[in-house]
Amino acid sequence: MKVAVVGYPNVGKSSLVNRLAQSREAVVHERPGVTRDRKELATEWNGRRLTLIDTGGVDLGDRDELSRSIQEQARAALADAQAALFVVDARAGLRPGDEEMADLLRRARIPTIVAANKCDTVKDLPLAAEFHALGLGEPVPVSAAQGLGTGDLLDRLVAAVPEGEEPEEDEDLVRLALIGRPNVGKSSLVNRILGVERVIVSEVAGTTRDAIDLPFEYQSHPPRKLILVDTAGLRRQAKVGDSVEYYTALRSRRAAERADVALVVCDATDGVTAQDLRIAELAMQSGCATALVLNKWDLTGGDDFDLDHERARVAQKLRLRPRVLTASALTGRHVQRLLVEAIALADRTSGRIPTPQLNRFLSEIQEIRQPPAKQNHRLKLIYMTQTGERPPRFSIQVNSRTRVTRDYAYFIENRLRERYRMEGIPLVIDFVERKERRGERGGRVRRAG
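28 is the number that our numbering gives to position 28 of the sequence shown; each next residue is one higher, with no gaps.
Dropping the structure here:
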């Protein structure tokens, strides 16, 4: 169950989230507006799991760029939640913006609990009564500082969404993030995929300020559910001239972190730029399967563009060797193929390779290239199995870890990608000494499967 925690700046939202989650992860500061991006913290109450979404302080009357960005984050949190926790300052009393926020919550059409914070003593409890005027039910007096009333508040939250009414996560659901530099055509590509004008398209770079989740069903056989995440454009750090662009870039990074697959959209007329490579590296470091898309392919003339050169450069520069695809949001060329590739990447990231296949692979690569030797003792690759997925993780038993060279480890990794089509997928290979039976340091890795 997800709960969006919203309210006026500096009412103690992050302090209350930390108290409810028994954590210190949410940033707390006496200066208002420290929390600008939303952060999720997990907790449990009476056997129910709760995810508290801490958001930036919302002042709906403030029209500067950063404030609008924070407001959009709060709206996005509400769209993703099954309940809302509206935190108010009991000592400050009703503020002009509270009623406007209450109206926004009513339009969100999810259960809302009002938490009157800063009721630190019994004498402060009557202060909560003033917030009945918001029309959101009986306020709960609480103290984030002292912990008073937090049990009652959690009881109300759990009761707001009965068990069985929470949406179940579809195991086959694919979260697909479109990331890239500003004005490379990400939003146009999203609109082409969806078949409708769902997101704003403009020639002005940076029109998309936030990450927008768009559910979509791809009519494959069988049909697959996807969530398309259209993100704000990423810029080089030197060009992030103000805090708005900084947080825009931060949200794009987080979009990659919560996605299964990222398509790094590039402008085909520019080729794959150094910044495109950095963005692809960023996505793969977050554990996201990645491919690069040369959009605006219709503007290149096709035959005049050296696609093989671009693919060779990407393979040389990026260790995970993501595929380079071509598409045109304008004409629709190869757009469906992008979805097929994204779904295949997600499936390979979560799939398992049978152990007998892996051990045949292990024998073959040793025949292709003999393992290295040190001081007349040769490395032996004894046994291989997959121990995890998302990202795929493999364990190779060897006679000596010290004989595993970086070069040979990369050779195995690259061959594994080629054999099982794992280009652009982060994977982990653990080399484990078989002779670790007497409890030597770096103990044996348990086999999976």
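Positions of the beta carbon are idealized from the N, C-alpha and C atoms, including for glycine.
Contact check, residue i vs residue j, beta carbons under 7 Å
i: Val11; j: Asp54; result: no
i: Val114; j: Gly7; result: no
i: Val229; j: Ala177; result: yes
i: Ala83; j: Ala160; result: yes
i: Ala128; j: Ala90; result: yes
i: Glu364; j: Ala291; result: no
i: Ser350; j: Glu389; result: yes
i: Thr331; j: Asp298; result: yes
i: Ile343; j: Arg224; result: yes
i: Pro391; j: Leu427; result: yes
i: Arg19; j: Gly180; result: no
i: Phe431; j: Arg406; result: no
Range covered by the alpha helix (DSSP H) that runs through residue i
i: Tyr420; result: Arg406 to Tyr420
i: Asn461; result: Any answer about residue 461 is impossible in this case: the structure gives the chain only from 1 up to 449.
i: Asn18; result: Lys13 to Ala21
i: Glu99; result: Pro96 to Ala108
i: Leu307; result: Leu307 to Lys317
i: Ile279; result: Ala274 to Gln285
Supposed contact pair residue j and residue i - C-beta distance, whole angstroms, cut 8 Å
i: Gln105; j: Leu136; result: Looking at the sequence provided, one finds Leu at residue 105 rather than Gln. Sure, about 7 Å apart at Cβ, within 8 Å.
i: Asn399; j: Lys374; result: Asn399 to Lys374, Cβ: 11 Å. No contact.
i: Glu310; j: Gly271; result: 6 Å
i: Gly424; j: Ala289; result: 6 Å
i: Met384; j: Asn359; result: 6 Å
i: Ala268; j: Lys296; result: 5 Å
i: Ala116; j: Phe131; result: 6 Å
i: Pro371; j: Tyr408; result: 6 Å
i: Ala346; j: Val174; result: 4 Å
i: Arg348; j: Arg421; result: 6 Å
i: Ile412; j: Gln397; result: Not quite, the Cβ-Cβ distance comes to about 13 Å (not below 8 Å), so this is no contact.
i: Val335; j: Ile193; result: 6 Å
i: Ala76; j: Ile110; result: In fact, because the Cβ distance is near 13 Å, the residues do not count as touching under 8 Å.
C-alpha distance - residue i paired with residue j, whole-angstrom precision
i: Glu281; j: Val265; result: 13 Å
i: Val5; j: Leu320; result: 38 Å
i: Thr208; j: Leu78; result: Note that Thr208 has pLDDT 38, beneath the 50 cutoff, so the model's placement of it is unreliable and the number below is only indicative. Taking the straight line from one Cα to the other gives about 19 Å.
i: Arg313; j: Val261; result: 22 Å
i: Lys2; j: Gly93; result: 27 Å
i: Asp124; j: Val142; result: 10 Å
i: Leu277; j: Leu85; result: 41 Å
i: Lys186; j: Gly195; result: 14 Å
i: Gln386; j: Ile429; result: 9 Å
i: Leu157; j: Ala42; result: 14 Å
i: Leu338; j: His377; result: 48 Å
i: Glu100; j: Thr51; result: 25 Å
i: Val27; j: Gly97; result: Because Val27 sits at a pLDDT of 35, beneath the cut-off of 50, its placement in the model cannot be relied upon, and the following sentence gives the value as read from the coordinates. Going from the Cα of Val27 to the Cα of Gly97 covers about 23 Å.
i: Lys317; j: Leu294; result: 17 Å
i: Asn191; j: Glu367; result: 49 Å
i: Pro9; j: Arg323; result: 44 Å
i: Ser395; j: Glu433; result: 10 Å
i: Arg483; j: Ser286; result: Absent from the structure is residue 483, since the part of the chain shown begins at 1 and ends at 449.
i: Ala108; j: Ser15; result: 24 Å
i: Pro126; j: Gly47; result: 31 Å
i: Leu189; j: Thr112; result: 36 Å
i: Arg393; j: Arg352; result: 10 Å
i: Arg258; j: Glu138; result: 35 Å
i: Arg95; j: Ala133; result: 11 Å
i: Leu214; j: Gln357; result: 38 Å
i: Ser220; j: Gly149; result: 51 Å
i: Tyr410; j: Asp155; result: 53 Å
Unbroken beta strand (DSSP E) run spanning residue i, endpoints
i: Asp430; result: Val428 to Glu433
i: Leu85; result: Ala83 to Asp89
i: Thr331; result: No beta strand (DSSP E) holds Thr331; DSSP gives it neither H nor E.
i: Ile113; result: Thr112 to Asn117
i: Cys266; result: Val261 to Asp267
i: Gly7; result: Lys2 to Gly7
i: Arg49; result: Arg48 to Asp54
i: Asn10; result: Unbroken run through Asn10: none, as it is neither H nor E.
i: Leu325; result: Val324 to Thr326
i: Ala291; result: Ala289 to Asn295
Beta strand (DSSP E) segments (min. 3 residues) lying fully within the stretch 344–395 | Counting only runs of 3 or more, we get 381–388.
Within the stretch 119–181, ranges of the beta strand (DSSP E) (whole runs, at least 3 residues) = Scanning the stretch 119–181 from its first residue to its last, the whole beta strand (DSSP E) runs of 3-plus residues come out as 174–180.
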